[in-house]
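Visitor: Can you read through this structure? Questions will come right after.
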Amino acid sequence: MHKKLQTPHIPIRRYLPALRHSKPIAIIPSVYHSNCLLDQLWKSGRVNEARHVFDKMPHRDEFSWNTMIAAYANSGRLTEAHRLFDEAPNRISITWSSLISGYSRHGRGSEALELFWRMQLEGLKPNQYTLGSILRACSTSAALRRGEQVHAHVLKTQFDSNVFVVTGLVDMYAKCKRISEARYLFERTPDRKSHVLWTAMVTGYSQNGDGLKAIECFRDMRREGVGSNQFTFPSVLTACAMISGWKFGMQLHGCIIQSGFSGNVFVESALIDMYAKCGDLNSGKEVLEGMKGEDVVSWNCLIVGSVRQGFEEEALSLFKKMHSRDMKFDDFTYPSVFNSLASSMDVENGKSVHCSIIKTGFEASTHVSNALVDMYAKCGSLDHAFRAFDKMLEKDVVSWTSLITGCVHLGFHEEALKLFCQMRIAGVETDDFVIASALSACAGLTVLELGRQVHVIFIRSGFGSSLSTDNSLVSMYAKCGCIEDAHRIFDSMPIRDVVSWTALIVGHAQNGRGKSSLQLYEEMIKSGTRPDYVTFIGLLFACSHAGLVDDGCRYFESMHKAYGISPGPDHYACMIDLLGRAGKINEAEELLNQMTTKPDATVWKALLAACRVHRNIELGERAAQSLFELEPKNSMPYVLLSNIYSAAGRWDKAAKIRRLMKSKGVSKEPGCSWIEVNSVVHTFLVEDRSHPMMVEIYSKVDEMMILIKEAGYVPDMNFALHDVDEEGKELGLAYHSEKLALAFGLLSVPPGVPIRIFKNLRVCGDCHSAIKLISKVVGRHIILRDANCFHHFNEGLCSCKDYW
Numbered sequence: 017m018h019k020k021l022q023t024p025h026i027p028i029r030r031y032l033p034a035l036r037h038s039k040p041i042a043i044i045p046s047v048y049h050s051n052c053l054l055d056q057l058w059k060s061g062r063v064n065e066a067r068h069v070f071d072k073m074p075h076r077d078e079f080s081w082n083t084m085i086a087a088y089a090n091s092g093r094l095t096e097a098h099r100l101f102d103e104a105p106n107r108i109s110i111t112w113s114s115l116i117s118g119y120s121r122h123g124r125g126s127e128a129l130e131l132f133w134r135m136q137l138e139g140l141k142p143n144q145y146t147l148g149s150i151l152r153a154c155s156t157s158a159a160l161r162r163g164e165q166v167h168a169h170v171l172k173t174q175f176d177s178n179v180f181v182v183t184g185l186v187d188m189y190a191k192c193k194r195i196s197e198a199r200y201l202f203e204r205t206p207d208r209k210s211h212v213l214w215t216a217m218v219t220g221y222s223q224n225g226d227g228l229k230a231i232e233c234f235r236d237m238r239r240e241g242v243g244s245n246q247f248t249f250p251s252v253l254t255a256c257a258m259i260s261g262w263k264f265g266m267q268l269h270g271c272i273i274q275s276g277f278s279g280n281v282f283v284e285s286a287l288i289d290m291y292a293k294c295g296d297l298n299s300g301k302e303v304l305e306g307m308k309g310e311d312v313v314s315w316n317c318l319i320v321g322s323v324r325q326g327f328e329e330e331a332l333s334l335f336k337k338m339h340s341r342d343m344k345f346d347d348f349t350y351p352s353v354f355n356s357l358a359s360s361m362d363v364e365n366g367k368s369v370h371c372s373i374i375k376t377g378f379e380a381s382t383h384v385s386n387a388l389v390d391m392y393a394k395c396g397s398l399d400h401a402f403r404a405f406d407k408m409l410e411k412d413v414v415s416w417t418s419l420i421t422g423c424v425h426l427g428f429h430e431e432a433l434k435l436f437c438q439m440r441i442a443g444v445e446t447d448d449f450v451i452a453s454a455l456s457a458c459a460g461l462t463v464l465e466l467g468r469q470v471h472v473i474f475i476r477s478g479f480g481s482s483l484s485t486d487n488s489l490v491s492m493y494a495k496c497g498c499i500e501d502a503h504r505i506f507d508s509m510p511i512r513d514v515v516s517w518t519a520l521i522v523g524h525a526q527n528g529r530g531k532s533s534l535q536l537y538e539e540m541i542k543s544g545t546r547p548d549y550v551t552f553i554g555l556l557f558a559c560s561h562a563g564l565v566d567d568g569c570r571y572f573e574s575m576h577k578a579y580g581i582s583p584g585p586d587h588y589a590c591m592i593d594l595l596g597r598a599g600k601i602n603e604a605e606e607l608l609n610q611m612t613t614k615p616d617a618t619v620w621k622a623l624l625a626a627c628r629v630h631r632n633i634e635l636g637e638r639a640a641q642s643l644f645e646l647e648p649k650n651s652m653p654y655v656l657l658s659n660i661y662s663a664a665g666r667w668d669k670a671a672k673i674r675r676l677m678k679s680k681g682v683s684k685e686p687g688c689s690w691i692e693v694n695s696v697v698h699t700f701l702v703e704d705r706s707h708p709m710m711v712e713i714y715s716k717v718d719e720m721m722i723l724i725k726e727a728g729y730v731p732d733m734n735f736a737l738h739d740v741d742e743e744g745k746e747l748g749l750a751y752h753s754e755k756l757a758l759a760f761g762l763l764s765v766p767p768g769v770p771i772r773i774f775k776n777l778r779v780c781g782d783c784h785s786a787i788k789l790i791s792k793v794v795g796r797h798i799i800l801r802d803a804n805c806f807h808h809f810n811e812g813l814c815s816c817k818d819y820w
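Each step along the sequence shown adds one to the number in my numbering, with nothing skipped, and position 490 is 506.
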C-alpha cells in the first residue's frame, strides 16, 4: 500500500508582502480561447471589440482570419472585410464564401459574382454555402444570365441534388420572372421536406402575380406535412390579396394562430394588408388593435387600404391617431396620407401634413416630396406643387411625372410639354408614365410633330409595349387627325382595355367616321370588353355627328338596361345634340324635361347650338337665359343668341345682346386659326395683316376665291353677321382666319403633304363650303380641326358629309 504523499506546510502569509510588490504574471490566452471570444463578440454585434481582440492576438489561425472577415462582411463593412481578405495569409473556400456572402447580402451582386469567378480561377471549389450566396446575388439583381451560368456550374459540380442550392436556384429563377424553370427544379427535387424550399416556390408564384398557384402550392405544402415559417405566411397572404381571396385569407388567419405566428410583426402586417386589400377594414383594424407593439408598417397598410377602398376620411383619422401616439412615421406613411388627401381634394389638410413633414425632416425624402407634389397637383394647386418641386434636393422621374401629369389634368398642356423638355435636358431617364402624360399634352394641343418626336423617344427607350403609353398614342394620333396611325397602334397592341377601344371609337367619331365607331363598338362587345361611362359618350357623339338617330336612341337606352350605367349630363348633351341636329327640336326639349337631375351648362349649350342651326328663336332664348345664370362670364350663349337673331335679320336684338355682353364685362373669344410648318406655329385672326407674308397670303386668298367662284362657289351671307353692305359682307367672309391659314399652307406646305389647320371655334358654314371646293380645284388634302371635330376635305368632299 502506497503511502499518501505529504506536502510540506508553507505559511502563505510570510510571502504576501513580496507578492504585493512583485509584477503580475502575464497569462497568454490560447488561440482557441481567443477565437471563441472573437466569435461571441461579432455575433453579438460588437465588431470593433472583436477587431481589438484580433489585433492583440500573438498568433492567428485560419479560423481567426475567417471569423473577422465574416464579422465585417455580415455587418456591411465590406471595404474593411475586403482589406482583411487581401491580407489573409491563406485563403480557403470559407474565406471566399464569407466575403461573397457579405457582398450578396448587402446588394453588391456584381462584385459578389466577380469574386465567385476569381475564386474558381484560383483553383478553389465553391461549397453549397458559396453557391447559395452567389445565387442570392443573382436573385437580388435579377441577373438571369449570370444565374444560368451558376446553374451550369451547379450541374457540373453535382450540387443539383443539394436542397440548399436547389432552393437558391428556385428563388433565383422566380425573381428573374422564369417561374416555369423554378417549378421544374422544384418538382424534380426528390427530397422536398424543407420548408425553405416550399416557401421559395410559394413566394415565387406570389411575386410573379399568380396568386391562385401560390395558394395551391401552400395547400400541397400542408398536405405533405411541411411546416411554415414567418416568410411563408406573408407570401400566401399576398396571394390572397392578389385574387381577393378573403375567405381563404380568413382560414389562413386561423392557421396562423394555431401555428403560433399571430404575434409575429411580419406576419401580422401581411394579415392587415390582406384584409385591407380585400375590403375588410374592420378585420384589419382588429388585428392592428391586438398587436403588442406599435408597428408603423401595419398602420401604413391600413391607411393604404382605406385609400384604395375610398375611405379617405378613415385614412386621415388613422394618421391622426398615429400622430397622437407619437409614433415614428416612415417614408411610406406620408405618401399614403397624401394619396388620401389627393383623392378627396382636401388641400387644406394637405397643407397641415406638409407642415408636419417639414417639422419631422421628411421634406428631404424624395419619396415623400414626390407624393407632396402629386397631392398639390391633383388638388389643382399648381403654384404649391411647383414650389414643393423646386425645393426638392433630388428630382427623379417620379417627381417630374407628378408635375407634368398635374399640368395635363388641369389643361396646362403647353406647361406640361415645357417641363417634359426640361426633364430631358436635365438628363432624367423617362419611363412609360411620363411618356403617356407628354403624349396626352400633345393631344391636348394637337401638336402632331412634337407627338411624333415623343413617340420616337418612347421607341428608342426600349421599354417595349405599355398599355398606358399605347392608349395615349392611339388618343394622340386620333386627336391630331391621323386616324390611320391611331389604328396601326391599336392593331399592334398585345393587350387592350376599355380605354383603348374608347379612344379609337371617339377618334373615328371625331374624324367623321361615325359608322366605323359603331362597328368598333360591336367588335369591343364581342371581345368581352365591357363599355364604361366614357365609351357611351364617344358612341353617342359618333351617332350625333353621323345623324344616326335610331342607333343613338338604342345605345342610350342600353346604357342602364344592359350595363347598369346611369346617363350623366354628357350623355344627355349628346342625345340633345343628336336630336337637335336631326331637326327633332321638340323631342330634344322633351328629353331635357325628363332628366332626373337638373340640366347643367353642357346640356343647355347643346340645345342652344341646335336652336342656332334650325333658327328656333323662342327655345334658343330659353336656353341662353339658363346659360346666362349658370355661366355668367361665358361668351358662348351671348354669341350664339346674337347669331340666331342676326341670321333671322333681327339686327336690333343682336345689337342689344352685344350691348348686354359689354355691360356685364363679358368678352368674346376671338376666332383664331393656326398651322404648324417646320415646327413653327403660325396664327391668324380674321382679317389679320400682322404676318410677315401678309401680301402673298392675301394674294393667295384672292386667287382661291376666283378659282372656286368659277367652280360654283356662292358666298353664304348668313355667316356675314355684321350689318354692312353686300360687298363688305363678302370681303369679311373671304378673310376669315381659316381661309388665311389655308392660303399660307398652300404657299408653305409641299405638294402631296396634307395641310393641317386648327381653329379654336367651330368652322363657319361659308368657310366649310369654300374649303371643300378649294380641296378640289387645287388637288390637296386639307384637314381642319375646329372646336367640335375634324373635317377631312378631299376632292370637293368633307368627311363630315356636311353634317357637323
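Just so it is clear, CB atoms sit at the ideal spot from N, CA and C, and this is done for glycine as well.
In this text the structure is predicted, and so the values were computed from the model without any measurement.
Spatial neighbours of Ser91 within its chain, please: C-beta separation below 7 Å, excluding the five flanking residues on both sides.
Guide: Residue mapping note: residue 91 aligns to position 75 of the sequence shown, counting from 1. Within the same chain, Ser91 has close Cβ partners Val63.
Visitor: Suppose the cutoff is 6 Å on Cβ atoms and the five residues either side in sequence are ignored; what does the same chain contact list for Gly596 look like?
Guide: In the sequence shown, residue 596 corresponds to position 580, counting from 1. The answer, listed in chain order, is Ala604, Ala626.
Visitor: Mark Ser244 as exposed unless 16 or more other C-beta atoms lie within 10 angstroms of its C-beta, in which case mark it buried.
Guide: By 1-based counting over the sequence shown, the position of residue 244 is 228. Classification for Ser244: buried.
Visitor: Once the 5 residues before and after Lys193 are set aside, which same chain residues still bring their CB inside 7 Å of it?
Guide: For the purposes of this step, residue 193 is taken as the residue at position 177 of the sequence shown. If we look at Lys193 and ignore the five residues flanking it on each side, its Cβ neighbours are Asn224.
Visitor: Can you find at least 3 beta carbon pairs, one from the region 713 to 724 and one from the region 645 to 653, that sit closer than 8 Å?
Guide: Taking 8 Å as the limit for Cβ pairs, the verdict is that the region 645 to 653 does not touch the region 713 to 724.
Visitor: Pick from Tyr751, Ser679, Ala727, Tyr579: whose alpha carbon is nearest that of Ile713?
Guide: Start at 1 with the first residue of the sequence shown, and residue 713 comes out as number 697. Taking only the C-alpha atoms, the option nearest Ile713 is Tyr751.
Visitor: Is it right to say Trp416 is buried, meaning 16 or more other beta carbons lie within 10 angstroms of its own, or is it exposed?
Guide: The sequence position of residue 416 within the sequence shown is 400, counting from 1. Buried, since its Cβ has 16 or more Cβ neighbours within 10 Å.
Visitor: Which partner residues does His471 have in the DSSP bridge list?
Guide: Residue 471 sits at position 455 when you count from the first residue of the sequence shown. Looking at the DSSP assignment, His471 forms no beta bridge with any residue, so it has no partner.
Visitor: Distance, Cα to Cα, Gly523 vs Gly326?
Guide: Counted from its first residue, the sequence shown places residue 523 at position 507. Counted from its first residue, the sequence shown places residue 326 at position 310. Near 32 Å, if we compare the C-alpha coordinates of Gly326 and Gly523.
Visitor: Nearest to Lys817 by alpha carbon, out of Ser785, Glu431, His49, Ser753?
Guide: Here residue 817 refers to the residue found at position 801 of the sequence shown. Lys817 has its Cα closest to that of Ser785, out of Ser785, Glu431, His49, Ser753.
Visitor: Does DSSP classify Glu692 as helix, strand or coil?
Guide: Numbered from its first residue, the sequence shown carries residue 692 at position 676. Note: Glu692 maps to strand in three-state DSSP.
Visitor: Does the distance from the CB of Lys788 to the CB of Cys814 come in under 8 Å?
Guide: Taking the sequence shown and counting its residues from 1, one reaches residue 788 at position 772. Taking the sequence shown and counting its residues from 1, one reaches residue 814 at position 798. Yes; because the gap between Cβ atoms is below 8 Å, this pair is in contact.
Visitor: From Arg238, Tyr221, Cys154, Ile798, pick the residue whose C-alpha is nearest to that of Cys256; which is it?
Guide: Mapped onto the sequence shown, residue 256 falls at position 240. Checked all of Arg238, Tyr221, Cys154, Ile798; the closest Cα to Cys256 is Tyr221.
Visitor: Which residue marks the beginning of the alpha helix (DSSP H) containing Ile660, and which one marks its end?
Guide: Numbered from its first residue, the sequence shown carries residue 660 at position 644. Residues 652 to 663.
Visitor: If you follow the alpha helix (DSSP H) that Asn632 is in, where does it begin and where does it stop?
Guide: Translated into positions along the sequence shown, residue 632 becomes position 616. First-last for Asn632: undefined, no H or E at that position.
Visitor: Among residues of its own chain, excluding the 5 on either side of Ala759, which ones have a beta-carbon nearer than 6 Å to its beta-carbon?
Guide: Reading the sequence shown from its first residue, position 743 is the one you call residue 759. Excluding sequence neighbours, Ala759 sits near Ile713, Lys716, Val717.
Visitor: Name the one or two DSSP bridge partners that Leu777 has.
Guide: Start at 1 with the first residue of the sequence shown, and residue 777 comes out as number 761. DSSP, once it has assigned bridges, lists no residue as partnering Leu777.
Visitor: What's the call for Trp133, buried or exposed, on a 16-neighbour Cβ count within 10 Å?
Guide: In the sequence shown, counting from the first residue as 1, residue 133 sits at position 117. When all chains shown are included, Trp133 counts as exposed.
Visitor: Under 8 Å by Cβ, that's how I've got Leu534 and Ala558 pegged, so tell me the actual separation to the nearest angstrom.
Guide: For the purposes of this step, residue 534 is taken as residue 518 along the sequence shown, with counting starting at 1. For the purposes of this step, residue 558 is taken as residue 542 along the sequence shown, with counting starting at 1. That belief holds up - the Cβ atoms of Leu534 and Ala558 are roughly 6 Å apart, short of 8 Å.
Visitor: So, at 8 Å on beta carbons, what are the nonlocal neighbours of Ala803 in its own chain, with the 5 sequence-adjacent residues on each side left out?
Guide: Stepping through the sequence shown from its first residue, residue 803 is reached at position 787. The answer, listed in chain order, is Lys775, Asn776, Leu777, Arg778.
Visitor: Which residue marks the beginning of the beta strand (DSSP E) containing Arg801, and which one marks its end?
Guide: Looking up residue 801 in the sequence shown gives position 785. Element bounds for Arg801: 798 to 801.
Visitor: Contact between the region 688 to 707 and the region 662 to 670: three or more CB pairs below 8 Å?
Guide: Taking 8 Å as the limit for Cβ pairs, the verdict is that the region 662 to 670 does not touch the region 688 to 707.
Visitor: Roughly how many whole angstroms lie between the Cα atoms of Phe552 and Ile601?
Guide: Here residue 552 corresponds to residue number 536 of the sequence shown, with the count starting at 1. Here residue 601 corresponds to residue number 585 of the sequence shown, with the count starting at 1. Roughly 22 Å between the two C-alpha positions.
Visitor: Which value, in whole angstroms, describes the spacing of the CA atoms of Asp236 and Ser149?
Guide: Here residue 236 corresponds to residue number 220 of the sequence shown, with the count starting at 1. Here residue 149 corresponds to residue number 133 of the sequence shown, with the count starting at 1. Roughly 28 Å separates the two Cα atoms.
Visitor: Reducing DSSP to helix, strand and coil, say where Val283 ends up.
Guide: Start at 1 with the first residue of the sequence shown, and residue 283 comes out as number 267. The answer is helix: DSSP assigns Val283 an H, G or I state.
Visitor: State buried or exposed for Gln526, treating a residue as buried only when at least 16 other CB atoms are found within 10 Å of its CB.
Guide: The sequence position of residue 526 within the sequence shown is 510, counting from 1. Buried is the call here.
Visitor: On a CA-only basis, which of Ile521, Lys209, Cys294, Asp616 is nearest Arg239? Give me that one, please.
Guide: Position 223 of the sequence shown holds residue 239. Of the listed residues, the one whose Cα sits closest to Arg239 is Lys209.
Visitor: Kindly confirm or deny that the region 790 to 802 and the region 512 to 520 touch, where touching means at least three C-beta pairs closer than 8 Å.
Guide: Counting Cβ pairs under 8 Å, fewer than three are found: no touch.
Visitor: Does the beta-carbon of Ala198 have 16 or more other beta-carbons within 10 angstroms, so that it is buried, or is it exposed?
Guide: Position 182 of the sequence shown, counted from the first residue, corresponds to residue 198. It counts as buried.
Visitor: Between Glu65 and the rest of its own chain, which residues show a CB-CB distance below 6 Å, the 5 nearest in sequence each way excluded?
Guide: Taking the first residue of the sequence shown as 1, we reach residue 65 at position 49. Leu57, listed in sequence order.
Visitor: Look up Ile44 in the DSSP assignment and say whether it is helix, strand or coil.
Guide: By one-based count along the sequence shown, residue 44 stands at place 28. The predicted model places Ile44 with a pLDDT of 48, which falls under 50 and marks its position as unreliable, so this point remains unresolved.
Visitor: Where does the unbroken alpha helix (DSSP H) through Phe552 begin, and where does it stop?
Guide: By one-based count along the sequence shown, residue 552 stands at place 536. Taken as a continuous stretch (DSSP letters only), the alpha helix (DSSP H) holding Phe552 covers 549 to 562.
Visitor: Comparing alpha-carbon positions, which option in Arg546, Cys590, Thr545, Glu538 lies nearest Ala562?
Guide: The count along the sequence shown starts at 1 and reaches residue 562 at position 546. Residue Cys590 is the option with its Cα nearest to Ala562.
Visitor: Rounded to the nearest angstrom, what separates Lys819 and His807 at their Cα positions?
Guide: Position 803 of the sequence shown, counted from the start, is the residue given in the question as residue 819. Position 791 of the sequence shown, counted from the start, is the residue given in the question as residue 807. Residue identity check: residue 819 is Tyr in the sequence provided, not Lys. Taking the straight line joining both Cα atoms gives about 10 Å.
Visitor: Flag this pair as yes or no: are the beta carbons of Cys498 and Ala459 separated by less than 8 Å?
Guide: Working through the sequence shown from its first residue, we reach residue 498 at position 482. Working through the sequence shown from its first residue, we reach residue 459 at position 443. No, the Cβ-Cβ distance between Cys498 and Ala459 is not below 8 Å.
Visitor: For Ile505, tell me which candidate among Val565, Phe348, Glu329, Ile475 has the shortest Cα-Cα distance.
Guide: One-based indexing of the sequence shown puts residue 505 at position 489. Per the Cα distances, Ile475.
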